[in-house]
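Visitor:
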Amino acid sequence: MPDNLDDRFRSLDEIAAPDWRARTEAKLAQAGALGPAGASPQRGWRPVPLAAAAAVLVAVVAAAVVLRGDNGGDGPAGDRVLVFDGLPQGVEFDGFLVCPPVMLDISRLDADLELEPPQEPVTGKDDASPYVLRWQQDGRTVRLGYPVVDFPLLAVLFPTEQVEIDGRSAVLTHQTDSVLLTMGDRNGCGGFEVLVDGDDAAAKSLALAVAHEVRVSAPDSRVEVPSVVGLDLVHAQDALARAGLVSDQDRSFGNFTDPEPVLRQDPAAGSTVAAGSTVALTMQPPVVTSTTIAPPVDGVVLPVQPQPLVCPPALLDVGDIVFRSQPTVAWANAWEWTDGDMNKVVHLSWPSREYVEGDRGVRELTVAGRPALMHDGGDGQDLVFDTGLPDGPCRFVEIDVFDPGSSAAREARAVELAGQLHINPPRPAGDVPDVVGLDVPAAANKLARAGYIPDWGAHPALSDPPAEPPADRHVTHQSLQPDGYTVRLDLS
Amino acid sequence: MQNARTVDRDELAPFAEAFERTHERLWRALLAYAGDPEVASDAAAEAYAQAVRRGVAIVDIDAWVWRAAFRIAAGELSRRRREAPPVDAPDVASVEGALGGSAEALELLDALGQVSDRQRRVLVLRYVGGYSAVEIARLLDTSAGSVRVSLLRARRTLRSLLEDHDA
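Protein chains in written order, with the working numbering: chain A, 2 to 493; chain B, 463 to 629.
Below, the structure is given as structure tokens:
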């Protein structure tokens, strides 16, 4: 059964890991870094450059084709670069643009340019990307693109230095096998990045020379603003970029992966504006109030996921909380929403396993008159407090607040949210479902969706890690308790 | 190789200790991430080799090596995708043929190959690496909040995929 992922992953221990120490020494010897006792190089190894920017630039590229055809080999390089209103005739993309090609003025570069081929399927907004141009120069591969707009994934920290090019400040990052020059705004279309193979003086000189020739500027032309209302962010950005326009969306309302429609755009569709202008996008409802989400029950307004529930969602009255993004009820009743921007996340749930991780200490306190624990997870505060409901899986509620601010600010926000959260009395709908014979997660889910609280004997105290319903045990008998909503489950 | 330097063998002691501490876990994590034992071995070895070349400049060898190894594996997977038709799922058959492993393990690798790259990373770091959300956030240079969100969704996806396998 997949319920216990720890067990599942332990099955990997059955696969014998090879001893790759000799391979490491071979690499050191190959690089001349190991003394004479180093092992001889192994055959078949292809060095993989540890180039963070290359990987970032390359991995997120969505543009798909090499410029070809009508721009062909004739004429100066300036004739073939992407200084045009939109994409050139005959160029096909199977990815999505973020920044308009029209603004990346590389007409002074003399190189045989091509677009970086696609790397990964584009499925969500996080996968949309700037496009990247690539060419060979002085025996090196050079890549040029807009700064990446994405979450950093796996970052290796490399030494950097500030450089100045024509009075403009830039950052040069020395990577293992490359140098990355970043000019201007890293999170938008107002700058660019140059990546050159090799981390030596020649690579640095080449990066500086390329940067000297590149400008980010809009052509002197006017374009019509397309309509992007109703499109998700990826498609809206792409449509605007193809029209030569820059999109600017309030990312604070964003979710992490789910496409969200554009509600408004400014300027409006049909307007004529200068190429390179910014079109402001408003994504999904900027503020969701209680009136649009209450009552939080199955299938009404909140998108309750089909995954098993443990407690009835209607127990938590979130009517006084003002959400900054559309909250969702996720697995095991976790509500989540962003709380100001994408790095500020709030989870509201019955305690989850994660709350004991990254422990920087736990202290007791009283919140809204209820016993509570505040756990400092380092960059997130987890507040667990007693609801006053009967013992069982729904007695304690957890509010996790993550944001880059201070612990004190996160703690204050958690306490504020706790004060705005009200515990509804359980209101079962209809008769108690028959759950005898079901495994405990299935029984809990069935009862929770009917408004009943399952009680399989797990009565964690406030300071205990929560106990998930055991998937390997089944209900042999059920009994409704005198309170009218707790269903006691006897297990096999 | 640029910036190569000679490493005294005495300098290798901390790296050897780190190797003993983590080499099996790291390799399995890379296998689960990349689905290819050759990529796992090469990425792990290259990461350690690069770490050794940096020597005392690295404060936390384990963290550095894990970060670098995953970055290298990701780079290799990207390179393969560039040069060959996209292969999203790990090559489970190669694992089965080369290394053995139970049906449960192979099903898991197969399922991991079907989740997104980001979700696969957090799952592997969590369940094979044994890292907490906070530690994963440091490894991924992101916030613990986003790691937990990714983990929440990744677990949901993986459970669903494994249920399909079990059905």
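Even for Gly, the Cβ is constructed at its ideal location relative to N, Cα and C. Keep in mind it's a predicted model, so treat the numbers as computed, not measured.
8 angstroms is my cut-off, CB to CB: does A:W136 come that close to chain B?
Guide: As a first step, residue 136 of chain A must be located in the first sequence, where it is residue number 135. No, A:W136 does not count as interfacial toward chain B.
Visitor: Would you say A:S12 reaches chain B, if we count a Cβ-Cβ gap shorter than 8 angstroms as a contact?
Guide: Position 11 of the first sequence, counting from 1, holds the residue named residue 12 of chain A. For A:S12, the nearest beta carbon of chain B is closer than 8 angstroms to its own beta carbon.
Visitor: Report yes or no: is there a C-beta of chain B within less than 8 angstroms of the C-beta of A:P470?
Guide: Your numbering for residue 470 of chain A matches position 469 in the first sequence. A:P470 does not count as touching chain B.
Visitor: Output, in sequence order along the chain, the residues in the stretch 477-488 of chain B whose CB is closer than 9 angstroms to any CB in chain A.
Guide: F477, A478, F481, H485, E486, R487, L488
Visitor: Give me the chain B residues within the contact set of A:R555, using Cβ-Cβ distance strictly less than 9 angstroms, ordered along the chain.
Guide: Chain A is shown only over 2 to 493; residue 555 of chain A falls outside these bounds and no answer can be derived.
Visitor: Does the beta carbon of A:P314 fall short of 7 angstroms from some heavy atom of the ligand NAD?
Guide: Although the ligand NAD was asked about, the structure shown includes no ligands whatsoever.
Visitor: What is the residue span of the alpha helix (DSSP H) that A:P471 lies within?
Guide: To locate residue 471 of chain A, count along the first sequence from 1; it is residue 470. First-last for A:P471: undefined, no H or E at that position.
Visitor: Apply the 10 Å Cβ neighbour rule to A:L207 and answer buried if 16 or more other Cβ atoms are within range, or exposed otherwise.
Guide: Here residue 207 of chain A is taken as the residue at index 206 of the first sequence, counted from 1. The residue is buried, with at least 16 neighbouring Cβ atoms inside 10 Å.
Visitor: If you run the structure through DSSP and keep just helix, strand and coil, what is A:A430?
Guide: Here residue 430 of chain A is taken as the residue at index 429 of the first sequence, counted from 1. Reduced to three states, the DSSP call for A:A430 is coil.
Visitor: Does DSSP put A:L317 in a helix, a strand or coil?
Guide: As a first step, residue 317 of chain A is located in the first sequence; it is residue number 316 there, counting from the start. Strand, per DSSP.
Visitor: Within 10 Å of its beta-carbon, does B:E569 have 16 or more other beta-carbons around it, so buried, or fewer, so exposed?
Guide: As a first step, residue 569 of chain B is located in the second sequence; it is residue number 107 there, counting from the start. So B:E569 ends up on the buried side.
Visitor: Using 8 angstroms as the limit for Cβ to Cβ distance, is A:R474 near chain B?
Guide: For the purposes of this step, residue 474 of chain A is taken as residue 473 along the first sequence, with counting starting at 1. Judged by the 8 angstroms Cβ criterion, A:R474 is not in contact with chain B.
Visitor: Which chain A residues are close to B:Y495, counting only those with a beta carbon under 8 angstroms from its beta carbon?
Guide: By 1-based counting over the second sequence, the position of residue 495 of chain B is 33. Chain A residues near B:Y495: none, gap ~10 angstroms exceeds 8 angstroms.
Visitor: Classify B:E625 as buried or exposed, calling it buried when 16 or more other Cβ atoms lie within 10 Å of its own Cβ.
Guide: On the second sequence, residue 625 of chain B is found 163 positions in, with the first residue counted as 1. With fewer than 16 Cβ atoms within 10 Å of its Cβ, B:E625 is classed as exposed.
Visitor: With DSSP as the reference, identify every bridge partner of A:I166, one or two as the case may be.
Guide: Within the first sequence, residue 166 of chain A is the residue found at index 165, counting from 1. Per DSSP, A:R169.
Visitor: Report yes or no: do three or more beta-carbon pairs, one from the stretch 449-465 of chain A and one from the stretch 404-411 of chain A, lie closer than 8 angstroms?
Guide: Of all C-beta pairs linking the stretch 449-465 of chain A to the stretch 404-411 of chain A, fewer than three are shorter than 8 angstroms, placing the two stretches out of contact.
Visitor: Indicate the three-state DSSP secondary structure (helix, strand or coil) for B:H485 in the structure shown.
Guide: Within the second sequence, numbered from 1, the residue matching residue 485 of chain B stands at position 23. It is helical.
Visitor: Tell me, please, whether the stretch 496-513 of chain B touches the stretch 523-538 of chain B by the rule of three or more beta-carbon pairs shorter than 8 angstroms.
Guide: yes
Visitor: When the Cα atoms are used, what is the spatial distance from A:T292 to A:I322?
Guide: Position 291 of the first sequence, counted from the first residue, corresponds to residue 292 of chain A. Position 321 of the first sequence, counted from the first residue, corresponds to residue 322 of chain A. Residue confidence is low: A:T292 scores 28 on pLDDT, short of 50, so the model does not pin down where it sits. Its coordinate-derived value is still stated next. The straight-line gap from Cα to Cα measures roughly 11 angstroms.
Visitor: Of all Cβ atoms in chain B, is any one closer than 8 angstroms to the Cβ of A:R9?
Guide: The sequence position of residue 9 of chain A within the first sequence is 8, counting from 1. So yes, A:R9 belongs to the interface.
Visitor: Could you run through the stretch 400-418 of chain A and flag, in chain order, every residue whose CB is less than 9 angstroms away from some CB of chain B?
Guide: D401, V402, F403, D404, P405
Visitor: Taking DSSP as the reference, what is the three-state secondary structure of A:P260?
Guide: As a working note, residue 260 of chain A is residue 259 in the first sequence. Caution applies to A:P260, whose pLDDT of 49 falls short of 50 and renders its modelled position unreliable; the value that the coordinates give is listed next. If DSSP states are grouped into helix, strand and coil, A:P260 belongs with coil.
Visitor: Return yes when the Cβ of A:A444 is within less than 8 angstroms of the Cβ of A:V436, no when it is not.
Guide: Mapped onto the first sequence, residue 436 of chain A falls at position 435. Mapped onto the first sequence, residue 444 of chain A falls at position 443. Yes, they are a contact pair.
Visitor: A:R144 to A:D111, Cα distance in whole Å?
Guide: As a position in the first sequence, residue 144 of chain A is number 143, starting the count at 1. As a position in the first sequence, residue 111 of chain A is number 110, starting the count at 1. Between A:R144 and A:D111, the C-alpha separation is close to 14 angstroms.
Visitor: Please state the DSSP three-state secondary structure of A:G381.
Guide: In the first sequence, the residue the question calls residue 381 of chain A occupies position 380. A:G381: strand per DSSP, three-state reduction.
Visitor: Between which two residues does the beta strand (DSSP E) containing A:H478 stretch?
Guide: Within the first sequence, residue 478 of chain A is the residue found at index 477, counting from 1. 476-481 is the extent of the beta strand (DSSP E) around A:H478.
Visitor: In angstroms, rounded to a whole number, what distance separates the CA positions of A:D200 and A:G185?
Guide: One-based indexing of the first sequence puts residue 200 of chain A at position 199. One-based indexing of the first sequence puts residue 185 of chain A at position 184. Roughly 22 angstroms separates the two Cα atoms.
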